[in-house]
Amino acid sequence: MNGEHETTSVVFWSLLAVGGALTIYGLHGLLNALGGITGHQFLEWFVGADIAHDALVAPAACVVGFAIARLVPAPARAHVRAGIFASAIVVAIAWAPLHAYGHANAAGNSSVEPLNYATAVPTVLVAVWALTAGWFAVTAFRRRNQSRGAEQPAPRPDQRA
Amino acid sequence: MRARVNKLDARLHSVEHGVFTSDLHDERNAALLGTALGVTFTICFVTGLYSHYAQHPPSWFLLPSRPAGLYRVTQGLHVATGLASIPLLLAKLWTVYPKLFQWPAFNSVAHALERIAIFPLVAGSLFLVFTGLANINLWYPWKFYFPVAHYWAAWTTIGALIVHIGAKWTVTRQQLRPTRSTPGAPKSAADVLTARDLDRRRFLATVFGTSALVTLFTVGQTVRSLRKLALLAPRRPDIGVQGFPVNQTAGMAGVMHAAASPHYRLVVTGNVRNPLSLTLDDLRALPQRSATLPIACVEGWSTSQQWTGIPVRDLLRMAVAPPHASVHVMSLEAPQRLYSTSELNHWQAHDADTLLALRVNGQDLALDHGYPLRLIGPDRPGVMQTKWVTQLVVR
Numbered sequence: 001m002n003g004e005h006e007t008t009s010v011v012f013w014s015l016l017a018v019g020g021a022l023t024i025y026g027l028h029g030l031l032n033a034l035g036g037i038t039g040h041q042f043l044e045w046f047v048g049a050d051i052a053h054d055a056l057v058a059p060a061a062c063v064v065g066f067a068i069a070r071l072v073p074a075p076a077r078a079h080v081r082a083g084i085f086a087s088a089i090v091v092a093i094a095w096a097p098l099h100a101y102g103h104a105n106a107a108g109n110s111s112v113e114p115l116n117y118a119t120a121v122p123t124v125l126v127a128v129w130a131l132t133a134g135w136f137a138v139t140a141f142r143r144r145n146q147s148r149g150a151e152q153p154a155p156r157p158d159q160r161a
Numbered sequence: 162m163r164a165r166v167n168k169l170d171a172r173l174h175s176v177e178h179g180v181f182t183s184d185l186h187d188e189r190n191a192a193l194l195g196t197a198l199g200v201t202f203t204i205c206f207v208t209g210l211y212s213h214y215a216q217h218p219p220s221w222f223l224l225p226s227r228p229a230g231l232y233r234v235t236q237g238l239h240v241a242t243g244l245a246s247i248p249l250l251l252a253k254l255w256t257v258y259p260k261l262f263q264w265p266a267f268n269s270v271a272h273a274l275e276r277i278a279i280f281p282l283v284a285g286s287l288f289l290v291f292t293g294l295a296n297i298n299l300w301y302p303w304k305f306y307f308p309v310a311h312y313w314a315a316w317t318t319i320g321a322l323i324v325h326i327g328a329k330w331t332v333t334r335q336q337l338r339p340t341r342s343t344p345g346a347p348k349s350a351a352d353v354l355t356a357r358d359l360d361r362r363r364f365l366a367t368v369f370g371t372s373a374l375v376t377l378f379t380v381g382q383t384v385r386s387l388r389k390l391a392l393l394a395p396r397r398p399d400i401g402v403q404g405f406p407v408n409q410t411a412g413m414a415g416v417m418h419a420a421a422s423p424h425y426r427l428v429v430t431g432n433v434r435n436p437l438s439l440t441l442d443d444l445r446a447l448p449q450r451s452a453t454l455p456i457a458c459v460e461g462w463s464t465s466q467q468w469t470g471i472p473v474r475d476l477l478r479m480a481v482a483p484p485h486a487s488v489h490v491m492s493l494e495a496p497q498r499l500y501s502t503s504e505l506n507h508w509q510a511h512d513a514d515t516l517l518a519l520r521v522n523g524q525d526l527a528l529d530h531g532y533p534l535r536l537i538g539p540d541r542p543g544v545m546q547t548k549w550v551t552q553l554v555v556r
């Protein structure tokens, strides 16, 4: 985030000009296309997404990370973190089908959100945690082999092949 | 006043350096995740732009009719890449979260401009992935028109991304530079994996692995061979009336009676010397052609089916249309309804496989798939494969 080393860069100022122009083009398009109430709503969602992330999602992730660091033994931390992260993403992606939100806009259309997500999502979560457990097992196995190798005395020069 | 400022200064400094103690909030993770996001966002932007121009072609752009599956690939890629970006984006934002509390907020004009551009970048990125995710589920918890908001937010975000790339160009190149020595050379300190390196590798494996899992469990909505794994996808290419999905049913379109009426006619009019008005029996009696073509929806699902019907170019020949005619296709839907009409440019109108289909996979079209007659052509967005066709206006 520190921009000191970039202040004299040609790359920075060139891309600032190009990127700034495109951003202004986008904002101009938004202003023209979304007037009145829907423009207000757009702003609420656009700004609200940022605020929701910075004030809720990121702090929650930090709290979970802190809890993992305090509660989970060091050898399993990365794996538990992986399982929780992947599970949270799965639930976030499946949130709308889990709640059948699409059905409200597609009455009588059986091809929208057609699965039983109440079983599909847990199935994916089981797969996530099975992979996580497998990863932990492989890591633990490797660690044990390494520590055994380290315990064995080095062979004498005359014993070497 | 000065004391208060100093106090705030000290607090923000302690938040940035004292609260976020994880080594994973480092520049290398930010650079790696940022590069990955740069690639995925560029793919989303380019494929999204293609989709936009396919639906709203400017005067200088004629959508080609070949390759037939191009739109299927670009839009499938757009949605799959957007979904894969979700873990990358959240991990990247977590990695750089401590920078939010950086104090002083900026230390030069360039730094201030860089930080200002971060707001549209972060807000735009979150807005795009969230609204995109909602859209593929046909879920609209807002009142603005999704395609317009998504399109213009994409320009805003890609612009801010370019500014960010400029700001991070040097540091990213430094961070991505390999640190390992050449093979065969004696091991240096850089070759020994530290606990920090190991933790970073596991963190990145988690993030990229989650992206891969998300793809695996959703991409089956367009890659048929993986359809049984599409447990998180809002569509399955093999589920729906006649074995494939529908976006808009005849009931939703309000055409149930008109489509089933014995008075149905297809009218070919406009810039023709021999206007046509054909009954369903007339259409069935015309020479038929079959083609296997995809329906590819903006929501990212797609499916190939075998369609049988009358090539549009044969109807243009019968109506004695000019050789480079384009066609305005009209549905039985009320004209004010979105996507009740579509355009065929002259390449599309004269492609042998652009059909007014009566049948799919050997069966009459179901009402929800456009009975009695629907347009199906190569390399077209699904919303432009107009259903319940009643009129061709030649231009």
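Listed in order, the protein sequences are those of chains P and A.
Quick note on numbering: the first sequence equals residues 1 to 161 in our numbering.
Quick note on numbering: the second sequence equals residues 162 to 556 in our numbering.
Glycine included, C-beta positions come from ideal geometry on N, C-alpha and C.
(1) So if DSSP puts A:MET491 in a beta bridge, which residue, or which two residues, is it bridged to?
(2) Which two residues bound the contiguous alpha helix (DSSP H) that contains A:SER422?
(3) Does DSSP put P:TRP13 in a helix, in a strand, or in coil?
(4) In whole angstroms, what is the alpha-carbon distance linking A:SER492 and P:ALA49?
(5) Just grab the DSSP bridge partners of A:PRO455 for me.
(6) By the three-class DSSP mapping on this structure, what secondary structure does P:ARG70 have?
(7) Identify the residues that DSSP records as bridge partners of A:ASP525: which are they?
(8) Please report whether the beta-carbon of P:VAL124 lies at a distance below 7 Å from any beta-carbon of chain A.
(9) Could you tell me which residues DSSP puts in a beta bridge with P:VAL18?
(10) Spatial neighbours of A:ALA314 within its chain, please: C-beta separation below 7 Å, excluding the five flanking residues on both sides.
(11) Name, going along the chain, the residues of the stretch 99-112 of chain P whose beta-carbon falls closer than 9 Å to a beta-carbon of chain A.
(12) Can you list, in chain order, the residues of its chain whose CB lies under 6 Å from that of A:HIS511, leaving out five sequence neighbours each side?
(13) Report, in whole angstroms, the separation of the C-beta atoms of A:PRO542 and A:SER212, which I expect to be a contact under 8 Å.
(14) According to a CB-to-CB cut-off of less than 7 Å, which residues of the stretch 32-46 of chain P neighbour chain A?
(15) With a CB to CB cut of under 8 Å and the five nearest residues on each side skipped, what residues in its chain are close to P:TRP129?
(16) For P:ARG148, collect the residues of the same chain with a Cβ closer than 7 Å to its Cβ; drop the 5 residues on either side in sequence, then sort them by chain order.
(17) Smallest Cα separation from A:LEU374: which of P:THR132, P:VAL138, P:LEU31, P:LEU22?
(18) Under 8 Å, with one C-beta from each stretch per pair, do the stretch 469-483 of chain A and the stretch 448-459 of chain A reach the 3-pair mark?
(19) List the endpoints of the continuous alpha helix (DSSP H) containing A:SER246.
(20) Under 7 Å Cβ to Cβ from A:ASN432, same chain only, skipping five residues before and after it: list those, please.
(21) For the beta strand (DSSP E) containing A:ILE537, name the first residue and the last one.
(22) With DSSP as the reference, label A:SER269 as helix, strand or coil.
(23) Residues of the stretch 235-249 of chain A in Cβ contact with chain C at a cutoff of 9 Å, in chain order, please.
(24) Counting Cβ pairs closer than 8 Å, one from the stretch 251-270 of chain A and one from the stretch 98-111 of chain P, do we hit at least three?
(25) From what residue to what residue does the beta strand (DSSP E) around A:LEU437 run?
(26) List, in order along the chain, the chain P residues whose C-beta lies closer than 7 Å to that of A:PRO406?
(27) Output the residue ranges of the alpha helix (DSSP H) runs that lie fully inside the stretch 376-426 of chain A and measure 4 residues or longer, sorted by chain position.
(28) Note down the Cα distance separating A:GLY327 from A:LEU365, rounded to an integer number of angstroms.
(29) With distances taken from CA atoms, which of P:HIS99, P:TRP135, P:PHE12, P:ALA150 is nearest P:ARG77?
(30) Is the stretch 18-32 of chain P in contact with the stretch 314-323 of chain A, if contact means three or more CB pairs nearer than 8 Å?
(31) Check whether the stretch 394-408 of chain A and the stretch 525-536 of chain A are in contact - that is, three or more C-beta pairs closer than 8 Å.
(32) Closer than 9 Å between beta carbons: that is the criterion. Which residues of the stretch 195-226 of chain A meet it against chain P?
(33) Comparing C-alpha positions only, which one of A:PRO395, A:GLY195, A:VAL270 sits nearest to A:LYS253?
(34) Residues bridged to A:PRO560 by DSSP?
(35) Return no unless some Cβ of chain A is closer than 7 Å to the Cβ of P:GLY149.
(36) Assuming P:GLU113 is part of the alpha helix (DSSP H), what are its boundary residues?
Taking the geometry as given:
(1) A:THR502, A:GLN552
(2) Careful: A:SER422 lies outside any alpha helix (DSSP H) and carries neither H nor E.
(3) helix
(4) 38 Å
(5) A:SER465
(6) helix
(7) A:ARG520
(8) yes
(9) According to DSSP, P:VAL18 bridges with nothing at all.
(10) GLY285, PHE288, LEU289
(11) HIS99, TYR101, GLY102, HIS103, ALA104, ASN105, ALA106, ALA107, GLY108, ASN109, SER110, SER111, VAL112
(12) ARG474
(13) 6 Å
(14) ALA33, LEU34, ILE37, THR38, GLN41, PHE42, TRP45, PHE46
(15) GLY83, SER87
(16) none
(17) P:THR132
(18) Touching, yes.
(19) 231-256
(20) ALA482, PRO483, ALA486, VAL555, ARG556
(21) 535-537
(22) In the three-state reduction of the DSSP assignment, A:SER269 falls in the coil class.
(23) Here chain C cannot be found, since the structure's protein chains are P and A.
(24) No: the two stretches stay apart, fewer than three of their Cβ pairs being nearer than 8 Å.
(25) Here the beta strand (DSSP E) through A:LEU437 covers 437-439.
(26) SER111
(27) 411-414, 417-421
(28) 24 Å
(29) P:TRP135
(30) yes
(31) Proximity of the stretch 394-408 of chain A to the stretch 525-536 of chain A meets the contact definition, three or more beta-carbon pairs being nearer than 8 Å.
(32) none
(33) Comparing Cα positions, the closest option is A:GLY195.
(34) The requested residue 560 of chain A is not part of the displayed model; chain A covers only 162 to 556.
(35) Not closer than 7 Å to any Cβ of chain A, the Cβ of P:GLY149 fails to qualify, so no.
(36) Counted as a single uninterrupted DSSP element, the stretch harbouring P:GLU113 is not any alpha helix (DSSP H), since DSSP gives it neither H nor E.
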